Amino acid sequence: MEDQHSAARPGRRRARARSTGDRAPDTHSTGDHSTGDRAANAPSSPDRSTGTRPAPDRSAPDRRVVLAGGLAGAAALALGVAGGAHAAGPASGIGGAAAATAAGAGLAAFGVLDPARAATKGAGLLTRIERTLGTGTAAYLPGDGWVRLTLPLSDGGPAPVTVDVLADTARPPHGIAYLLPGGGLNFGAEFFTPGGPGDHNLAHELRRQGLLVVGVTPREDAARAGEITAGMGLAGHRRDLAKVVAALDPVLRLPYQYAGHSAGAALALDAASHDASPRLRRVVVLDTTGPYAGDLAARAAQTRDVYAGQLARGVYAADPGLAGLLARAVADPGGASQAPWPPDPEQRFTHAGLAHFALIRTSVLPGAANWIYHQGHSAGSYTFGATPAEDRFALTHTPLATWHAAASALGSGLLPTALMRDLAAIWAGDEKTYRIDWGRIGAEVVWVNTELGRGDHPRGAELIRAAGNKRVAFSVVPGYGHGDAVWSATAARDVWSLL
Numbered sequence: 006m007e008d009q010h011s012a013a014r015p016g017r018r019r020a021r022a023r024s025t026g027d028r029a030p031d032t033h034s035t036g037d038h039s040t041g042d043r044a045a046n047a048p049s050s051p052d053r054s055t056g057t058r059p060a061p062d063r064s065a066p067d068r069r070v071v072l073a074g075g076l077a078g079a080a081a082l083a084l085g086v087a088g089g090a091h092a093a094g095p096a097s098g099i100g101g102a103a104a105a106t107a108a109g110a111g112l113a114a115f116g117v118l119d120p121a122r123a124a125t126k127g128a129g130l131l132t133r134i135e136r137t138l139g140t141g142t143a144a145y146l147p148g149d150g151w152v153r154l155t156l157p158l159s160d161g162g163p164a165p166v167t168v169d170v171l172a173d174t175a176r177p178p179h180g181i182a183y184l185l186p187g188g189g190l191n192f193g194a195e196f197f198t199p200g201g202p203g204d205h206n207l208a209h210e211l212r213r214q215g216l217l218v219v220g221v222t223p224r225e226d227a228a229r230a231g232e233i234t235a236g237m238g239l240a241g242h243r244r245d246l247a248k249v250v251a252a253l254d255p256v257l258r259l260p261y262q263y264a265g266h267s268a269g270a271a272l273a274l275d276a277a278s279h280d281a282s283p284r285l286r287r288v289v290v291l292d293t294t295g296p297y298a299g300d301l302a303a304r305a306a307q308t309r310d311v312y313a314g315q316l317a318r319g320v321y322a323a324d325p326g327l328a329g330l331l332a333r334a335v336a337d338p339g340g341a342s343q344a345p346w347p348p349d350p351e352q353r354f355t356h357a358g359l360a361h362f363a364l365i366r367t368s369v370l371p372g373a374a375n376w377i378y379h380q381g382h383s384a385g386s387y388t389f390g391a392t393p394a395e396d397r398f399a400l401t402h403t404p405l406a407t408w409h410a411a412a413s414a415l416g417s418g419l420l421p422t423a424l425m426r427d428l429a430a431i432w433a434g435d436e437k438t439y440r441i442d443w444g445r446i447g448a449e450v451v452w453v454n455t456e457l458g459r460g461d462h463p464r465g466a467e468l469i470r471a472a473g474n475k476r477v478a479f480s481v482v483p484g485y486g487h488g489d490a491v492w493s494a495t496a497a498r499d500v501w502s503l504l
């Protein structure tokens, strides 16, 4: 196992070593990969802990209220307050549509009597954001000390970009974290993950640090397969993110950071290379790679060619099958899957066995890009028995229930082929196909990889540093898989504390 990291590289930090037992990767598509072979039913691959963990936030699922008008009705229903005035106000959003504002009665339902003060935190802050973005049907989810806004941005595209905003109701934020999910994922599945310990997740971790959390979910999450186009590559994702930032920045006027996992981490780096705002302070990169060298670069070029070929044939998206894989493992763990069992291909994995094998040993699965994982999505152990029913397996950090909860929160789960081509071009160092201008990233960069996921490949960080940015830190967390970085019950201690 690669748990020893060279201290000779400038700016590198070594993650704290911890005993993690048997190690193996997860089978979840969280970003930069595609599992390819559907016969295996395997999914394609897919920001600082403060030490003492606060009491977990809890919310009742039936508090979610969807309304076109705004916050007043949500506040009244959530807190049992009758009425809730709602006043319309002119606003021009990303899509140019007029939006509604929450009136004083709605804010009072949240215990805020001064509208001017309300506009800096919680309900009032989200009302300002809804008015600024100004499109789609808003959904509000009030919780214990927080409120979440979900807003699809109907801008005439084939499917909307979705913005989720998580605000603290007790204090105004001192900054913004734009959270960017991995390929095939969305904000809710990855960063507001249900099913974690005490419903703890990265979004709440950042909120507790005093940040306004803004999740930007790509269009493909809300798209049908026929709505995904060759234009949904990394540049398209970057332009969509830039529109959201451009709309919110002059209104909020707060320092901000881009934070992404897997494909979302590549997007964070690309966005930072195009963003010269003095308010952009940090880029948080979770488990991705820049250009490889040597044989790995050659292999990445082959992967790029696979996706370029698919685009030429009009194949614009792939479904990695993650949700179904995990659903079957939970609903019928002992049932026979369609995937051949390696010790005897005439036999078949059980559903539970296949899900664990795919999560733990992602790198050995068929598919154009599974080789990018050192082992897999999740740390764990897998031992073949005399029959598939006698296989023994366990996940080290992230329970299967959490994987299932995350997958159940997915939208389409589709991966755009153009995005995969662009990512592979970055890995190959093919700047003609896609180029991240590493020298233009001037913000602080905190880059954390996992040993069993994307591994010890710091060249992207080194390119940023070589161009003159000395505020670059790269570290590798031993014993963690690709998805463990966001979903593990111990991620706050072992991973998020490094951010």
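Under my numbering, the sequence shown has 77 at position 72, and the numbering climbs by one with no breaks. For glycine and all other residues, C-beta sits at the position ideal for the given N, C-alpha and C. As the structure is a computational prediction, the values presented were derived from the model and not from experiment.
Residues near residue i by beta carbon distance below 6 angstroms, same chain, minus five either side
i: Phe-389; result: Pro-348 and Asp-396
i: His-179; result: Gly-215
i: Val-477; result: Gly-16, Val-450, Ala-466, Ile-469 and Arg-470
i: Gly-434; result: Pro-296 and Ala-302
i: Arg-464; result: Gly-295 and Pro-296
i: Asn-191; result: Thr-222, Asp-226 and Gly-416
i: Phe-197; result: Asn-206 and Ala-208
i: Leu-246; result: Val-221 and Ala-276
i: Asp-310; result: none
Sequence-distant residues of its chain with Cβ nearer than 7 angstroms to residue i (five each side left out)
i: Pro-345; result: Arg-353
i: Ala-399; result: Gly-385 and Ser-386
i: His-356; result: Arg-333, Ala-334, Asp-337, Pro-338, Gly-340 and Ser-342
i: Gly-269; result: Gly-36, Leu-185, Pro-186 and Gly-187
i: Leu-331; result: Ala-360, Trp-408, His-409 and Ala-412
i: Thr-234; result: Pro-163 and Tyr-321
i: Ala-298; result: Arg-464
Cβ neighbour criterion (16 or more within 10 Å) applied to residue i
i: Ser-267; result: buried
i: Ala-175; result: exposed
i: Pro-255; result: exposed
i: Thr-142; result: exposed
i: Asp-427; result: buried
i: Ser-493; result: buried
i: Pro-223; result: buried
i: Ala-394; result: exposed
i: Glu-436; result: exposed
i: Gly-486; result: buried
i: Pro-147; result: buried
i: Thr-140; result: buried
i: Ala-323; result: buried
i: Ala-430; result: buried
i: Arg-318; result: exposed
i: Asp-292; result: buried
N- and C-terminal bounds of the beta strand (DSSP E) containing residue i
i: Gln-315; result: No beta strand (DSSP E) contains Gln-315, which is instead part of the alpha helix (DSSP H) from 299-317.
i: Thr-3; result: For residue 3 there is no data in the structure shown, the boundaries of the chain being 6 and 504.
i: Thr-222; result: 216-222
i: Val-335; result: That residue, Val-335, is in no beta strand (DSSP E); its alpha helix (DSSP H) goes 327-336.
i: Leu-424; result: No beta strand (DSSP E) contains Leu-424, which is instead part of the alpha helix (DSSP H) from 422-433.
i: Trp-452; result: 449-455
i: Ser-480; result: 477-482
Residue i and residue j closer than 8 angstroms at C-beta
i: Ala-312; j: Met-237; result: The residue asked about is misnamed: residue 312 is Tyr in this sequence, not Ala. No, the Cβ-Cβ distance between Tyr-312 and Met-237 is not below 8 angstroms.
i: Phe-505; j: Tyr-321; result: In the structure as shown, the chain begins at 6 and stops at 504. Residue 505 is therefore absent and cannot be evaluated.
i: Glu-135; j: Leu-158; result: no
i: Val-219; j: Tyr-183; result: yes
i: Ala-328; j: Glu-232; result: no
i: Thr-403; j: Asp-489; result: yes
i: Trp-151; j: Arg-243; result: no
i: Ala-194; j: Leu-415; result: yes
i: Val-453; j: Val-290; result: yes
i: Ala-377; j: Asp-275; result: Looking at the sequence provided, one finds Ile at residue 377 rather than Ala. Not a contact, by the Cβ cut-off of 8 angstroms.
i: Ala-172; j: Leu-130; result: yes
i: Val-288; j: Ala-271; result: no
i: His-382; j: Gly-460; result: no
i: Ala-305; j: Trp-408; result: no
i: Val-166; j: Leu-154; result: no
Alpha helix (DSSP H) segment containing residue i, residue limits
i: Trp-492; result: 489-492
i: His-379; result: First-last for His-379: undefined, no H or E at that position.
i: Thr-132; result: 127-138
i: Gln-256; result: Correcting the residue type first, residue 256 is Val in the shown sequence and not Gln. Per DSSP, Val-256 belongs to the alpha helix (DSSP H) from 239-257.
i: Thr-407; result: 405-413
i: Trp-209; result: Looking at the sequence itself, residue 209 is His, so the reference to Trp does not match. Looking at the DSSP string, the run of the alpha helix (DSSP H) that includes His-209 is 207-213.
Cβ of residue i within 8 angstroms of any chain C Cβ
i: Ala-230; result: Judged by its chain identifiers, the structure shown contains no chain C, having just a single protein chain.
Beta-carbon contacts of residue i that lie in its chain and below 8 angstroms, excluding the five residues immediately before and after
i: Arg-284; result: Asp-254, Arg-258, Leu-259, Pro-260 and Tyr-261
i: Val-249; result: Ile-99, Leu-138, Leu-158, Val-166, Val-168, Tyr-183, Val-219 and Val-221
i: Thr-392; result: Gln-352
Check your understanding: Counting Cβ pairs closer than 8 angstroms, one from the region 442-460 and one from the region 217-232, do we hit at least three?
Key -> no
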